[in-house]
DNA sequence: TTGAAAGCGCTAACAA
DNA sequence: TTGTTAGCGCTTTCAA
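Protein chains in written order, with this note's numbering: chain Y, 217 to 540; chain C, 217 to 540.
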């Protein structure tokens, strides 16, 4: 079933059917009704692929991220998909595992599929590679010199507020559970942590240790550090998932959170309210970020937005039970 | 840049270029090299949309589910996307919120986009509507009379094993925190719970209460029931998320889990190991289910599989800290 | 207001 | 082994 059949049955040309389909002005009302009747009878629906080919547009965007299983990303993906759907765009999901080869393959695949734009979360992709992508791009969580839009979260103020809050609670020795070395956010959060604490007389490089953005690793590492430094009374985790690991470690060691140890996370994933004790964290406006990313991307796709923009979002302290 | 330009520069016809692109046998080696050189120089990549149009295939599948934010679904989506990618298919993500209209719109949209097949998780879509979908379908979590493949989880044995386990632990009064009325799995789990316990002399319809697959609701509801029935010593939650709510409620009421109350969930989402105490649960082989769904779907798309199949997966008891 | 026809980029049947 | 050409289903220009 195609436009030709509709045209035949309605006794008009395919051009006229096309005009009706696209709500063009210049169609006689009588003709229009005739065509619409045939369309309804046949339950005809135009083939988007043919349209794509002609128009050179697909009304699809892609979302490249490390792993949808990582609890931060479903919330982001949901926001992106919601906003895309609202604007008539479908959303292709790509898990890259931060694997460079996978990223390249996906970019090639979506390019060939004439996807209209892509939102990328990646530490591994290079500036050059970003520039070579042949469609509008929004980079998330990373500022770049490449000619694309970028969106970041303000780690400086976030970390500062987190540490200040722990201090205001009376914490006298604050550790940091940091993320992977190659992650830009992890690096920044470590950097600003150091900036906030390295003048303190209690400071010691031992207080800085790594959980790799992973739960199990964080449990182990935190157990070790709590054992070696029983006087730690505050802990800033580089993301919520690691903070969960820290809570687990404290629980297993019978360290009382929050009375002996205050734990604060970073991200504000919705699971934070679920754990026991519920997690105090620096909350990112995840949904808002997703919506903004799509708006920016579509702005460029539609040619409304011609300049490349950079947007920095801020975190908000969400007090819950894991801090005193 | 298109096949025509490549043909010109290589001094051959588009047909020959096409043959090279598709690795056809009947191309002179010399010609082949010439064409490949031009392709590499131009960094030419064929346009998939044109191929789609000609072939009537898109190498895309869609995944319709209620909400990627619900922690069960990212794990499923990950498995599906992994397997699809392995087979050269892209995966379109659609959140329906169990909203009937959204489902219909998505199905229409992906049909027009010539998506090759769809994996659906839905309670709301009717048998008729499933039958009217104009592409291969795999229904997840629901058996159907419609002419499509279906995959379910065996609630009967799962619930039986959960309750038996609680009994074996010495539980003398076991409650059930059930899911939404309109959810087939929730209904079945409730049904089989009743079957297992309604002959017990301690049984009481009050032990059955609802958490709507939602964390907050489950916290509230569990607090109420634990307050009214302080002798409840076992709790079977209809899914893990509700079990987390139950754990939270017990914690807030200072009910000792697992010593005074054993809690068991259903699903086996990876977050179960994160919470405190970690959650005992009836674990679904989520990844395996996702892979199987894709294999089945692609089987039908490729015409290898011509019969509609039904597959029933079984849960496995995963013992952790929330049960004595 | 309508229709004929070209063309989006590709593949494949047919011919040479 | 290679080229010519029709055609996948649509939109749009141009002419009527």
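Beta carbons: idealized from backbone N, C-alpha and C, even for Gly.
Whether residue i touches residue j by CB criterion (8 Å)
| i | j | result |
| --- | --- | --- |
| residue 442/Y | residue 465/Y | yes |
| residue 300/C | residue 307/C | yes |
| residue 491/C | residue 539/Y | no |
| residue 481/C | residue 469/C | no |
| residue 258/Y | residue 217/Y | yes |
| residue 357/Y | residue 277/Y | no |
| residue 365/Y | residue 351/Y | no |
| residue 378/Y | residue 288/Y | no |
| residue 363/C | residue 524/C | yes |
| residue 497/C | residue 506/C | no |
| residue 474/Y | residue 493/Y | yes |
| residue 220/C | residue 236/C | no |
| residue 254/Y | residue 226/Y | yes |
| residue 457/Y | residue 431/Y | yes |
| residue 340/Y | residue 314/Y | yes |
| residue 405/Y | residue 375/Y | yes |
| residue 349/C | residue 510/C | no |
| residue 334/Y | residue 410/Y | no |
C-beta neighbour in chain C for residue i, strict 8 Å
| i | result |
| --- | --- |
| residue 471/Y | no |
| residue 467/Y | yes |
| residue 285/Y | yes |
| residue 403/Y | no |
| residue 458/Y | no |
| residue 330/Y | yes |
| residue 485/Y | no |
| residue 325/Y | yes |
| residue 410/Y | no |
| residue 535/Y | no |
| residue 504/Y | no |
Given residue i as reference, the closest of the options once Cα atoms are compared
| i | options | result |
| --- | --- | --- |
| residue 359/Y | 351/Y, 369/Y, 350/Y | 369/Y |
| residue 223/Y | 252/Y, 505/Y, 298/Y | 252/Y |
| residue 336/Y | 513/Y, 533/Y, 535/Y | 513/Y |
| residue 389/C | 412/C, 341/C, 220/C, 280/C | 412/C |
| residue 347/C | 328/C, 367/C, 323/C | 323/C |
| residue 519/C | 293/C, 273/C, 239/C | 273/C |
| residue 263/C | 456/Y, 264/Y, 315/Y, 327/Y | 327/Y |
| residue 522/C | 279/C, 353/C, 242/C | 353/C |
| residue 294/C | 317/Y, 373/Y, 414/Y, 283/Y | 283/Y |
| residue 423/Y | 446/Y, 229/Y, 244/Y, 239/Y | 446/Y |
Opening and closing residue of the beta strand (DSSP E) in which residue i lies
| i | result |
| --- | --- |
| residue 419/C | Run containing residue 419/C: none; DSSP gives neither H nor E here. |
| residue 499/Y | 496–499 |
| residue 483/C | 478–483 |
| residue 491/C | Taken as a continuous stretch (DSSP letters only), residue 491/C belongs to no beta strand (DSSP E), as it is neither H nor E. |
| residue 394/Y | 390–394 |
| residue 452/C | 450–453 |
Beta carbon proximity, residue i to chain Y, threshold 8 Å
| i | result |
| --- | --- |
| residue 294/C | yes |
| residue 263/C | yes |
| residue 311/C | yes |
| residue 308/C | yes |
| residue 513/C | no |
| residue 266/C | yes |
| residue 290/C | yes |
| residue 497/C | no |
| residue 303/C | no |
Nearest-angstrom Cβ-Cβ length linking residue i and residue j, presumed shorter than 8 Å
| i | j | result |
| --- | --- | --- |
| residue 425/Y | residue 437/Y | 5 Å |
| residue 387/Y | residue 478/Y | 6 Å |
| residue 312/Y | residue 338/Y | 7 Å |
| residue 461/C | residue 427/C | 6 Å |
| residue 367/Y | residue 530/Y | So it is not a contact: roughly 12 Å between Cβ atoms. |
| residue 454/C | residue 395/C | 4 Å |
| residue 504/C | residue 534/C | That pair is no contact at about 15 Å. |
| residue 265/C | residue 329/Y | 7 Å |
| residue 304/C | residue 275/C | 6 Å |
Continuous alpha helix (DSSP H) stretch holding residue i: start and end
| i | result |
| --- | --- |
| residue 363/Y | Residue 363/Y -> no alpha helix (DSSP H), and no H or E assigned at all. |
| residue 347/C | 343–348 |
| residue 436/C | 431–444 |
| residue 271/C | 264–271 |
| residue 507/Y | 502–517 |
| residue 458/Y | 456–468 |
| residue 376/Y | 371–384 |
| residue 320/Y | 316–328 |
| residue 225/Y | 219–226 |
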